[in-house]
Amino acid sequence: MVRFRLGEQFEVVAGTAGLDLGGVVHALVPGRGRDTSGFGLSASGLDRVVTAHQLFESILRVRGGRIVCSGYRSPADTKGDTWSPADAPTEVFVGMPEADAMRFELLRLGVPWQAIEVERHSIDTITNFLRSEFEGHFGDGRPVAIVAQAAHLRRMMSVIAPRTLRRPYLGVVVPEDDLTDESVMATLTSRVAMTGLPPDPGQAIRTVEKRITRAWRLAKALGFGDNY
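Numbering-wise, our numbering puts 55 at position 55 of the sequence shown, and it's gapless, one number per residue.
Right under this line is the structure:
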């Protein structure tokens, strides 16, 4: 088993004032797309899993922390045959949700089953955060590290996390060989989707999902990407 000294291999993006890796207990890994089969992860999604595993082994395991894997698929992704998880056999999905695919990879890397929590219903980054927080996937209110590539983290940390999380947070950067950037459309969509949300979490989630689905249809018509 690989062990690391505290934080030596991680690039951190500041979030809650005063929080560093010494105070983090959990990790949130938002989905970043599936492969062409609909049953595996994109290359960017796999990279997030690898970084989350390293974070778990170096910091989170000894603190009894959880890795919350979050995501079903974007509205643009219709790949895959129907599939039902063993722990929810009455639920039917198109392909395997990103969260379940991430759990599969984490288990393969040696993370214990009980340290992985699956949130398999969100369809965008905002609902990754809302569902993970308000559906109780962390299990407590202790601080979390958000694991994502740098460009996606910028939107998460500046727009989404401050308005969705009810715990201290920071970002952990997933290394990239070729740095990616996010479209202006993605940031604008997040800001619009979060405007005037109802205070009830369930209503907020439903509102965001409706807005994101409409935004995806517009983005598709205009030729933008589908990562929201």
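Cβ coordinates follow ideal geometry from the N, Cα and C atoms, glycine included.
Computed from a prediction, not measured in an experiment: that's the story for all the values here.
State yes or no: is the C-beta of residue i within less than 7 Å of the C-beta of residue j?
i	j	result
Thr51	Pro168	no
Glu166	Glu135	In the sequence as presented, Glu is not what sits at residue 166; that position holds Arg. Against a cut-off of 7 Å, the Cβ pair of Glu135 and Arg166 comes out as no contact.
Asp102	Cys69	With the sequence shown as reference, residue 102 is identified as Met, and Asp is not the correct amino acid for it. Yes, they are a contact pair.
Val147	Arg48	yes
Asp234	Ile212	An answer regarding residue 234 cannot be provided, because it is not within the stretch 1 to 228 covered by the chain.
Val13	Gly171	yes
Ser190	Val144	no
Gly64	Phe39	no
Asp100	Arg120	yes
Thr187	Ala151	no
Report the option in the options whose CA atom is closest to the CA atom of residue i.
i	options	result
Pro201	Arg163, Pro175, Ile212 and Leu218	Arg163
Ser122	Met157, Lys220 and Thr207	Thr207
Met156	Pro112, Asn128 and Ser37	Asn128
Arg66	Arg32, Gly45 and Pro112	Pro112
Ser44	Val184, Met185, His53 and Glu176	Glu176
Glu209	Lys220, Pro199, Ser84 and Met194	Met194
Pro154	Ala221, His137 and Val184	This sequence places Arg at residue 154; Pro is not what is there. Considering only alpha carbons, the answer is Val184.
Gly31	Ser84, Glu98 and Ala88	Glu98
Leu28	Ser37, Ala204 and Leu55	Leu55
Arg34	Gln9, Pro75 and His137	Pro75
Leu46	Ile116, Asp178, Glu91 and Val174	Val174
Ile126	Thr36, Thr82, Gln9 and Ile205	Ile205
Ser37	His137, Thr82 and Ile116	Thr82
Thinking residue i and residue j are a contact (beta carbons under 8 Å), I'd like their distance in whole angstroms, please.
i	j	result
Tyr72	Phe93	7 Å
Arg131	His26	That pair is no contact at about 15 Å.
Leu107	His53	The pair is not a contact, with the Cβ atoms about 10 Å apart (cut-off 8 Å).
Mind checking residue i: buried by the 16 CB within 10 Å criterion, or exposed?
i	result
Gln149	buried
Val192	exposed
Glu11	exposed
Arg217	exposed
Leu41	buried
Ala161	buried
Ala215	buried
Ala86	exposed
Lys220	exposed
Ala88	exposed
Gln114	exposed
Say yes only if the C-beta of residue i is nearer than 6 Å to one or more non-hydrogen atoms of the ligand MG, and no if none qualify.
i	result
Glu57	This structure lacks the ligand MG; in fact it carries no ligand of any kind.
**Prompt:** Would you call the segment 16-29 and the segment 52-65 touching, i.e. three or more CB-CB distances under 8 Å?
**Reply:** Contact holds: three or more Cβ-Cβ distances are below 8 Å.
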